[in-house]
Each structure stands twice: as structure tokens, then as C-alpha cells.
Amino acid sequence: LPKVAVIGRPNGNRAIVVDEPGVTRDRLYGRSYWGDQEFMVIDTGGVITLSKSQAGVMEELAITTTVGMDGIPMASREAAIARMPSMIEKQAVAAVEEAAVLLFLVDGQAGLVAADIEIADWLRRNFSHKCIILAVNKCESPRKGQMQALEFWSLGFTPLPISAITGTGTGELLDMVCSELKKFEGLEGLDDVEEDENRVPAISIVGRPNVGKSSILNALVGEDRTIVSPVSGTTRDAIDTELTTVDGQKYKLIDTAGIRRRAAVASAGSTTETLSVKRAFSAIRRSDVVALVIEAMACVSEQDYKIAERIEKEGKACVIVVNKWDTIPNKNNESTTHYEQDVREKLRVLDWAPIVYCSAINGNSVEKIISAASLVEKERSRRLGTSILNQVVREAVAFKAPPRTRGGKRGRVYYTTQAAVRPPTFVLFVNDAKLFPEPYRRYMHKQLRSDAGFPGTPIRLLWRSRK
Ligand code: GDP
Numbered sequence: 140l141p142k143v144a145v146i147g148r149p150n151g152n153r154a155i156v157v158d159e160p161g162v163t164r165d166r167l168y169g170r171s172y173w174g175d176q177e178f179m180v181i182d183t184g185g186v187i188t189l190s191k192s193q194a195g196v197m198e199e200l201a202i203t204t205t206v207g208m209d210g211i212p213m214a215s216r217e218a219a220i221a222r223m224p225s226m227i228e229k230q231a232v233a234a235v236e237e238a239a240v241l242l243f244l245v246d247g248q249a250g251l252v253a254a255d256i257e258i259a260d261w262l263r264r265n266f267s268h269k270c271i272i273l274a275v276n277k278c279e280s281p282r283k284g285q286m287q288a289l290e291f292w293s294l295g296f297t298p299l300p301i302s303a304i305t306g307t308g309t310g311e312l313l314d315m316v317c318s319e320l321k322k323f324e325g326l327e328g329l330d331d332v333e334e335d336e337n338r339v340p341a342i343s344i345v346g347r348p349n350v351g352k353s354s355i356l357n358a359l360v361g362e363d364r365t366i367v368s369p370v371s372g373t374t375r376d377a378i379d380t381e382l383t384t385v386d387g388q389k390y391k392l393i394d395t396a397g398i399r400r401r402a403a404v405a406s407a408g409s410t411t412e413t414l415s416v417k418r419a420f421s422a423i424r425r426s427d428v429v430a431l432v433i434e435a436m437a438c439v440s441e442q443d444y445k446i447a448e449r450i451e452k453e454g455k456a457c458v459i460v461v462n463k464w465d466t467i468p469n470k471n472n473e474s475t476t477h478y479e480q481d482v483r484e485k486l487r488v489l490d491w492a493p494i495v496y497c498s499a500i501n502g503n504s505v506e507k508i509i510s511a512a513s514l515v516e517k518e519r520s521r522r523l524g525t526s527i528l529n530q531v532v533r534e535a536v537a538f539k540a541p542p543r544t545r546g547g548k549r550g551r552v553y554y555t556t557q558a559a560v561r562p563p564t565f566v567l568f569v570n571d572a573k574l575f576p577e578p579y580r581r582y583m584h585k586q587l588r589s590d591a592g593f594p595g596t597p598i599r600l601l602w603r604s605r606k
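Numbering (full-length UniProt numbering), first residue to last: 140 to 606.
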């Protein structure tokens, strides 16, 4: 996993928080991901827990440095404090050396201090060959943030105002980190998915409370298999059940429902709804296919949309399940089409996902979820022949050329290759990626989908300059 090292002076709470709009706030330390990029974040101040009080810091120093970094026993806590800067440096070196991206974090409210300049110098002196991103934290208001960030220009890096609390700028920051990591990794890292006949794809059943997730699971695997005893202190996120289809394909079913109830009881502080989204997110992460269940009468909610966005972002295949279809009276073709349009409209990020209508309560059409899941899982693992792929791209370019810049330059696609599956990921080698603006990229995305299919799975297009 590529590594990102966070560097900064040891002061204040440096935890960078990623804001999942209103839902969960994940700490960025440890294994992280953003879009399709996974990476490891190392806090170089790790020896010293920066969010702790000064007393806490002293406590920890006393423990970790009974013998100093250079083997000399520490005389006192005062001495330990005095040694802080050099300790951090030593601890930081290893992390910084193996990191692909260095995230230099400063405090926008405290302003520029001597320690920042020292760290900046140190980074420039030793690591100028690495990508260094300077993030100015505590810039809660974007406009004021720009002002707060101004003085940090003198450090010799471009300051990016962010706010760990409100999430302002953290998305942009992560985009920057990831685009750097992609460059760093090259393409080799992508193509590491081996075809494996014995793979057991995981299907998760997610959705809001009471939409019928457990009922669906029961209808699929039989009541007795899903009885969950409420073991206290369990840390498992979800209950997995294995399912074998009539044609012998095995699937792992990840249920998020049973756990939700226990969790809701266990932590009265969080709302059931919030918890269910959290559970959904962690289940999505472990899945190949996500069955997103909505209730026919209630249709799509904002929470469903958040889950849908996450499915797309994580590159998972998806089947939209409209459960309790029995509760909709007087159905006919027209009203069903109308209903479908409504769902499509509200779940636009999943416009590629098939919709299954079912009633878990009487078992109607529930098996269609599995056949749809099986189809989308195959699509997610599908490789497109190079010649067909290049033909599709060539035709798309012929039909609509990339826009010409004012200087008369125009993007050219040399060739395209599928670099990965799960999800299908295509790399377009071009003269200059900057010559392909976002609308054109969307157009290409759409063309590839309409010509090459891939129903039920997100696809990724990566644009690489090759000069
Ligand atoms: P979960 O919280 O998503 O796991 O939802 P449950 O499976 O516990 O179902 C919630 C309620 O909806 C239960 O009372 C079920 O009997 C009911 N239910 C589930 N599926 C259907 C269905 O297809 N039709 C109708 N009418 N009710 C259903």
C-alpha cells in the first residue's frame, strides 16, 4: 500500500477528519481510501499523541524514552520535553522516507511559527524529490481560510486551506494526495487482480432499517440460518452466510440487519439511522456486489443516496432492490415504468444498476436478486478485448473530437488498455491529459458504457499523458 506521512509540529489536535457529509467522520490515520485509491496514513508524531493534554504528552514521553533515542537515559521529564523536536525528527525520518506523499500540516489559526519554518527547511533539504502537500488546518471559513493560508506561502509550498472539523478542503486534499499516489504507483499496481475460479464473491444487503433486509436474507437462505444470538461484546460488523446457487456458484451474503439492532441497543447515543449508514459503509467495503434495498412505498431517501454514492465511489457492483412491492396497489406497466423513472431520477449515481422488484414477505421474485447479482458480478470482473476497446474509443473521438485550446492544441488518444477489473478500469494514453476537460471525459465514459456495456458495475477511466 502506498504511504502518506503526516508531518507537522507537535501541537494541538492534528487529527484530519474526513467528512462524510453529515454521517460519519473517519479518522484519516491507518488504512484509508478515497475513491478507488487505497493508502496508508502514518502520523510521524506517533510517539507523541498530539491530541493529548500536555500532561499526557509528558506521561508518554516518560514511558517511551526512559532511554533516549541515542541510548542515553533521560534525566527527567523536563529533559524529555526539551528533546521533543529532535525525537520527532528521528521518528519522522523513517516514515517520511518510505512515504510517497508528504502531508505537511500547519495550524492556520496559530499562524506561521518558527517550528513550521524549521520543518519546511528540513523537508526541502532532504525530501525535495517527494511530493509535499502543505495543508493549512483550522481554516473553517473558505474565504477567511484563503487569508489565513497566505502567510504560509513563505514556506515555499503552495498552501491548501482545509478544516478538519468542517471538512472544508479535505476532499480536495485527498484528491491531490490520490492523484499523486497514482503517478507514483505507475500502472503496475493496478493490474494485480488474478482470475480465480474459487473466488467467492460477497454480496451485501444494505438499506435503511425496516426496508426488509433480514426478510430478504431469510427468504434467500432460510429462516434458521440467520437467527443471530445477541452475543454481548461482539465486534463483528455483520453476519456472513454462504449461499450456493442452483448452478453451483457460491456467494457470501453479508447481512447488516441483525447487528444493527444490537448496536442500536448498545450505543444509545447514536441514532439507528446513522448507525445503519455506518454499517452499510463497512459492509459495502467488504462486498463485490451491493444489493441496495429500498421500500416500495417510501422510495428513495437521502440516506439511500449517500449509500449509493459510496457504492459508486468504491467501485462495487450494485443491484437496486425495491422490496415490499406487494404494498403498491393497482400496478400496471405504465405505473411501474413511472415508478422506475422516479427511482432512476433519485439514484442517478447508480444509473447503470439493474432494478429488481420483490416481496420478501411472500418470497416473490427474491431469487431475482441473486441472478441479477450474479450478472453484475461477472460484468465487474469482465475484460474487454484490446481491439474492441480501441475501436470504441477511436469511434468516440471521431464522432466528437476533444476541444481545441486557445493555443490551437488538441488532445489525442494514442491507445487504450484495460488495466484492471473489479471494477473495470481503463487507461487512455494521450498526448496531454490536461487537453481532456471534464465534460469530454464524461462523454468518453458514457460512450464506453453505451458501446461496451458493463451493466451493474461502475467503470473507471484514467487519463495518462504520454509525451
Ligand atoms: P430490516 O430492518 O431491513 O432487516 O427489515 P426486516 O426484514 O426486519 O423487515 C421489517 C418489516 O417489514 C417486518 O415487519 C417485515 O415483516 C416487513 N416486510 C419485509 N419484507 C416485506 C415485504 O416484501 N412486504 C411487506 N408488506 N412487508 C415486508
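C-beta atoms are modelled at their ideal positions from N, C-alpha and C, and glycine is treated no differently.
Should residue i be labelled buried (16 or more other beta-carbon atoms within 10 Å of its own) or exposed?
i	result
N276	buried
T596	buried
T476	exposed
Y583	Correcting the residue type first, residue 583 is Met in the shown sequence and not Tyr. With 16 or more Cβ atoms within 10 Å of its Cβ, M583 is classed as buried.
I256	exposed
Q480	exposed
L140	exposed
F538	exposed
L167	Only weak support is given to the placement of L167: the predicted model assigns it a pLDDT of 40, under 50, and the question is left unresolved by the model.
Apart from the five residues just before and just after residue i, which ones in its own chain have a Cβ nearer than 6 Å to its Cβ?
i	result
V460	A430, V432, V495, I508
R581	none
A144	I181, T183, A234, V235, A238, L241
L486	V439, A447
S302	C278, E279
Y579	P541
Taking the C-alpha atoms as reference points, what is the distance between residue i and residue j?
i	j	result
C317	S474	44 Å
N337	G387	11 Å
F420	F296	35 Å
I423	V252	43 Å
D314	W173	8 Å
R599	A511	21 Å
V488	V232	42 Å
V360	K352	12 Å
K445	P493	18 Å
V531	S520	19 Å
T309	Q176	15 Å
V458	G346	12 Å
F243	D465	56 Å
E516	A456	6 Å
V536	W292	41 Å
E577	L587	15 Å
E534	G546	25 Å
Go through its chain and collect everything with a Cβ distance to residue i's Cβ below 8 Å, but skip five positions before and after it.
i	result
R605	Y553, F568, V569, N570
D379	A341, K391, L392, I393, D394
K283	none
K463	V350, G351, E434, A435, M436, S498, A499, I500
I355	I344, A430, V432, V460, N462, C497, A499, V505, I508
N503	W464, D465, C497
L320	P141, V143, Q176, F178, A239, V240
Who are the near neighbours of residue i in its chain, counting only those whose CB is closer than 7 Å to its CB and skipping five residues on each side?
i	result
L574	P541, T544, K548, R549, G550
R449	F420, I423
G247	V275, N276, K277, C278, G284, Q287, A288, P300
T383	K389
E451	V488, L489, P597
* Complete alpha helix (DSSP H) runs within the region 256–333 (minimum length 4 residues, chain order) -> 281–289, 309–324
* Is there contact here, the region 515–527 with the region 555–564, by at least three beta-carbon pairs under 8 Å? -> yes
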